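> This is the structure I have questions about; it appears just below.
2 protein chains.
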Amino acid sequence: MEKNLIYKKIMHELQNQILDGEYQETMKLPDERTLSQTFGVSRSSIKRALKLLADKGAVFQKRGSGTFINPIFVKNDSVFHYKNGSNLGISDSFQMNGQSPQIKLLSFNVERCPKELATDLFIKDTDFVYAFKRLRSFDDQSFMIETGYIPIKILPQLEEKTLTESLFKYVEQVKKQGVTKSYLTIGVSPSTEEDRTELNLLSTEPVGTLSGIFFLDDGTPFEYSQMRLRYDYMNYHTFVSLED
Amino acid sequence: MEKNLIYKKIMHELQNQILDGEYQETMKLPDERTLSQTFGVSRSSIKRALKLLADKGAVFQKRGSGTFINPIFVKNDSVFHYKNGSNLGISDSFQMNGQSPQIKLLSFNVERCPKELATDLFIKDTDFVYAFKRLRSFDDQSFMIETGYIPIKILPQLEEKTLTESLFKYVEQVKKQGVTKSYLTIGVSPSTEEDRTELNLLSTEPVGTLSGIFFLDDGTPFEYSQMRLRYDYMNYHTFVSLED
DNA sequence: CAGTGGTCTAGACCACAAT
DNA sequence: TTGTGGTCTAGACCACTGT
């Protein structure tokens, strides 16, 4: 499934070179025109590859002086060390060591869409949605309660047992589109009684909340989801680059 | 200080048209070649403008069929509604209504750099840093404790009173560079005794934590900062787009 | 001044969607 | 087949840095 895009291939190649310490002398990449010759591609493609690296905080580009490697991206004793090909997104928050957690289905119903979600899911509040609650655990430790809503017309064939597996993989198979985009809101909350029961928490122990809308690649809102995580499992890493 | 970049100007123009409901009939922008003619610029510049809009979740681009407006970006009854020109970054987390909160300096010292921060700040642990603690409040309600570390060699002239004002603005003046990039980690924690005292919290009420490194535009690590926020003030909005 | 990254252009060609 | 966005190229020119 590897795409054959020049700029992505070059991005990965440069990234590997960087992580391998190829440029640790100068902590600087060759200039764009030289890279263009070395790789035998246009300067535009090089710029595109470098932009990807800059967007994930691997390098800083400075006009008039060059493209510099971010030491933090390379050092592996940094809290912010690069992991799993991407330090952006929510997967880090609840996928440990690349292994998938177990899923227990707590409830599963079809009901009218809650009013406050209708506009965000781009349906009417008279339309129906699957409403479900799932519990994720890892090595007998429950760490997340997820409450989800999916318009039935998006997945008319959804069965109960699918919800005990990876929903996103199922969607990708059925809809032949990925789920790569989402609006997310991250917050904090004291634990409710349900939290304490399901996640085995004390009353002084809180949860992190992660709620948002997930989109199919074509922009269709696919799911509204609210996740409550044990505070000690909540860790969201991101590289932020403000524009304007 | 408005830059005169074509692609940014067009991005803003299209964004305003979208928010003004100019395309609400079709929820679709004109195709790129048409936009190119309309604005009298190359198609590449249009693509660049559209990419910016796609990156902030305003539109979805779909090969073979067009560029579609994300209804959630326009509807103002959505939780995820666009605000203040950017819904990315930490400013939303602690700047209410565009007003700056008050700042009280709790402590201010010069000391050796804590060992675990030295590599991330790209200095030696024998180097000195300013170490300070600040309390932010808004209308007599304290909502954030910030613990910060800044290498003295970055800001040799830093004075105590500067820390009761906006640090970033001061830095931009002195260094003539912005602070637009950062690695951030978002987490959750039960409140400590200090949290409860300073932020006026009960023992069952938690804090959100926001810690990370802030960089100058040239990539120099400028500050390590740890922020603890009242849970009810913690709200981080972001649009995530996974690559690869 | 030479070297570097940033912007912008004009155009070829490709991949996918709709009809 | 037509129309759409995606990729890639070659090159001009600009803005900034460092010598």
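The listed protein sequences derive, respectively, from chains C and H. full-length UniProt numbering applies: residue 1 is where the first sequence begins, and numbers increase by one. full-length UniProt numbering applies: residue 1 is where the second sequence begins, and numbers increase by one. Note that the Cβ used here is the ideal one computed from N, Cα and C, for glycine as well. These numbers come from a predicted model, not from an experiment.
#1: Using a Cβ cut-off of 7 Å, which residues of the segment 189-202 of chain C contact any Cβ in chain H, in chain order?
#2: Using the three-state DSSP reduction, which class does H/GLU194 fall into: helix, strand or coil?
#3: Taking 7 Å as the cut-off, is the CB of H/ILE18 close to at least one heavy atom of the ligand COA?
#4: Quick one: is C/LEU210 buried, meaning 16 or more other Cβ sit within 10 Å of its Cβ, or exposed?
#5: Determine the direct distance from the alpha carbon of C/ARG48 to that of C/TYR7, and round the result to whole angstroms.
#6: Do three or more CB pairs link the segment 110-126 of chain H to the segment 147-162 of chain H at distances below 8 Å?
#7: Would you mind sorting H/THR119 into buried or exposed? The rule is 16 or more other CB atoms within 10 Å of its CB.
#8: By Cβ distance, which residues of its chain are closer than 8 Å to C/ARG33, with the 5 residues on each side in sequence left out?
#9: If we define contact as Cβ-Cβ less than 8 Å, is H/GLY238 a contact residue for chain C?
#10: If you follow the alpha helix (DSSP H) that C/VAL179 is part of, which residue opens it and which one closes it?
#11: Could you work out which residues of chain H lie near C/SER182, taking near to mean beta carbons separated by less than 8 Å?
#12: The beta strand (DSSP E) spanning H/PRO221 covers which residue range?
#13: Go through its chain and collect everything with a Cβ distance to C/LYS83's Cβ below 6 Å, but skip five positions before and after it.
#14: Between the C-alpha atoms of H/PHE60 and H/ALA54, what's the straight-line distance to the nearest angstrom?
#15: Can you check whether the C-beta of C/PRO71 is within less than 8 Å of a C-beta belonging to chain H?
#16: Comparing alpha-carbon positions, which option in C/THR197, C/PHE222, C/ASP217, C/ILE10 lies nearest H/SER65?
#17: Helix, strand or coil, according to DSSP, for C/SER44 in the structure here?
#18: Please list, in chain order, the chain H residues whose beta carbon lies closer than 9 Å to that of C/GLY21.
#19: Can you list, in chain order, the residues of its chain whose CB lies under 6 Å from that of H/GLU111, leaving out five sequence neighbours each side?
#20: In whole angstroms, what is the alpha-carbon distance linking C/PRO190 and H/SER137?
#21: How about C/LEU229 and C/GLY208: are their beta carbons less than 8 Å apart?
Reading from the atomic positions:
#1: SER189, PRO190
#2: helix
#3: Absent from the structure shown: the ligand COA. Ligands present: none.
#4: buried
#5: Roughly 6 Å separates the two Cα atoms.
#6: Enough Cβ pairs lie closer than 8 Å, so yes.
#7: buried
#8: Cβ within range, chain order: ARG43.
#9: For clarity, residue 238 of chain H is Thr in the given sequence; the question names Gly instead. Yes, H/THR238 counts as interfacial toward chain C.
#10: Annotation for C/VAL179: no alpha helix (DSSP H) segment contains it, and DSSP assigns it neither H nor E.
#11: PHE239, VAL240
#12: 221-230
#13: Residue placement at C/LYS83 is poorly supported in this model, since its pLDDT is 43, which falls under 50; the coordinates are not used for a value here.
#14: Just so you know, the alpha carbons of H/PHE60 and H/ALA54 end up roughly 6 Å apart.
#15: yes
#16: Looking at the Cα atoms, C/ASP217 is the closest of the given residues.
#17: helix
#18: Simply none; closest approach about 15 Å.
#19: ALA131
#20: The alpha-carbon atoms of C/PRO190 and H/SER137 are separated by roughly 21 Å.
#21: yes
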